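What the sequence shown shows, in the working numbering, is residues 1 to 238, in sequence order. C-beta atoms are modelled at their ideal positions from N, C-alpha and C, and glycine is treated no differently. The model shown is predicted, which means the values in this text are computed figures rather than measured ones.
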Amino acid sequence: MTSTTVPVIFDLDGTLVDPAGGITDGIAAALTAVGLPVPGQDLLEAMIGPKLSDSLLNVAQVPARHLDEVIRRYREHYVATGIAQSRLYPGVREVLESYTAAGKPVAVATQKPQNLARKVLAHHGIDGLFLSIRGSADDETAIEGVPMGKTEIIAAALEDLDTRHALMVGDRAQDVSGAIANGLDCIGVAWGFAPDGELENAGSVAVVHTAEELVKVIDRLQAIHSAAMSEVTNDGNV
1 MTSTTVPVIF DLDGTLVDPA GGITDGIAAA LTAVGLPVPG QDLLEAMIGP
51 KLSDSLLNVA QVPARHLDEV IRRYREHYVA TGIAQSRLYP GVREVLESYT
101 AAGKPVAVAT QKPQNLARKV LAHHGIDGLF LSIRGSADDE TAIEGVPMGK
151 TEIIAAALED LDTRHALMVG DRAQDVSGAI ANGLDCIGVA WGFAPDGELE
201 NAGSVAVVHT AEELVKVIDR LQAIHSAAMS EVTNDGNV
């Protein structure tokens, strides 16, 4: 990667992949199996994006003593049927393939467990397009080695890419805050699961509604960042 190349780091669910009910159905099935109430659809969709254990505790009000069991049942359901329900958002495959063909590095930073994220990307045949795929720990309830938050996951992707400069693309506030914490601009996508105004209030530099619009904003920001990086390099400061 050249010194002026600006990689793009993508969130997964709600950004690249539409879970299409795979996540919400899985949560509902897990809660039902454990004998717990199932939240309404709006609350179920609000659980897509943040760390699952946090959403189960704070949104679904799952008692802590049931958390391990609910997560275990959810994972079983998601692997068995949820992944197959998912689909790529319109234009995503073309964007990723065009960037890869042009030698532009792309990565994934998601709060989905890392191995599960790889399975989802492999299911859609795009796992090989990314130079880095970073996610949370497989055991979200582990006491030792607490799973990384979005800030740390993005930082891990940056380390893999061997750069401090990148753009983040995501659909929820934690994507924006995690990017900002790493000194990155974040582009919000309106086709995900953020309520109206969430991305803007979090500090996204732009909110786009189509893949074509996303490419235009990425190209514009990459040009700005690349020019700034070249200027610093020419000044001998890096």
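Roughly how many whole angstroms lie between the Cα atoms of Gly145 and Ala211? Any reading at Gly145 must be qualified, since the residue scores a pLDDT of 44, below 50, and its modelled position is unreliable; the value itself is stated next. Between the C-alpha atoms of Gly145 and Ala211 there is a straight-line separation of about 37 Å.
Taking its Cβ as the centre, do 16 or more other Cβ atoms sit within 10 Å of Arg164, making it buried, or is it exposed? exposed
Considering only residues of the same chain and omitting the five flanking positions on each side of Ala33, which have a CB-CB separation below 7 Å? Arg73
Given 8 Å as the limit, is there contact between the segment 82-98 and the segment 40-47, that is, 3 or more CB pairs closer than that? no
What does Ile133 pair with, by DSSP beta-bridge criteria? Answer is Val108, bridged to Ile133.
Would you identify the three-state DSSP class for Met267, choosing helix, strand or coil? Look at the range of the chain in this structure, 1 to 238, and you will see that residue 267 is not part of it.
Compare the Cα-Cα distances from Val169 to each of Phe10, Leu31 and Lys104 and report the closest residue. Phe10
Under 8 Å Cβ to Cβ from Val106, same chain only, skipping five residues before and after it: list those, please. Pro7, Val8, Ile9, Phe10, Leu96, Tyr99, Thr100, Leu129, Phe130 and Leu131
With which residues is Phe10 paired in a DSSP beta bridge? Answer by DSSP bridge pairing, in chain order: Val108 and Val169.
Going by C-alpha distance, which of Ala29, Val92 and Gly149 is nearest Ala114? Sequence inspection shows Gln at residue 114; the Ala mentioned does not correspond to that position. Of the candidates Ala29, Val92 and Gly149, the one whose C-alpha sits nearest the C-alpha of Gln114 is Gly149.
Checking the sheet assignment: what are the DSSP bridge partners for Val208? DSSP, once it has assigned bridges, lists Val189 as partnering Val208.
To the nearest angstrom, how far is it from the Cα of Leu52 to the Cα of Ser204? 23 Å
Express the C-alpha separation of Arg172 and Glu198 in angstroms, rounding to a whole number. 7 Å
Expressed to the nearest angstrom, what Euclidean distance is found between the alpha-carbon atoms of Leu214 and Glu152? 25 Å
Tell me which residues share the same chain as Ala64 and place their Cβ nearer than 8 Å to its Cβ, disregarding the 5 neighbours each side in the sequence. Leu57
My output table needs one value for Leu31: the three-state DSSP class, helix, strand or coil. helix
With 16 as the cutoff for other CB atoms within 10 Å, does Gly192 come out buried or exposed? Gly192 comes out buried.
Output needed for Gly14: all residues of its chain with C-beta closer than 7 Å, excluding positions within five of it in sequence on either side, in chain order. Ile48, Gly49, Asp171, Arg172, Gly192 and Phe193
When the Cα of Leu88 is compared with those of Lys112, Gln174 and Ala122, which residue comes out closest? Considering only alpha carbons, the answer is Ala122.
Per DSSP, the bridge partner or partners of Leu88: Val17
Is it right to say Asn182 is buried, meaning 16 or more other beta carbons lie within 10 angstroms of its own, or is it exposed? buried
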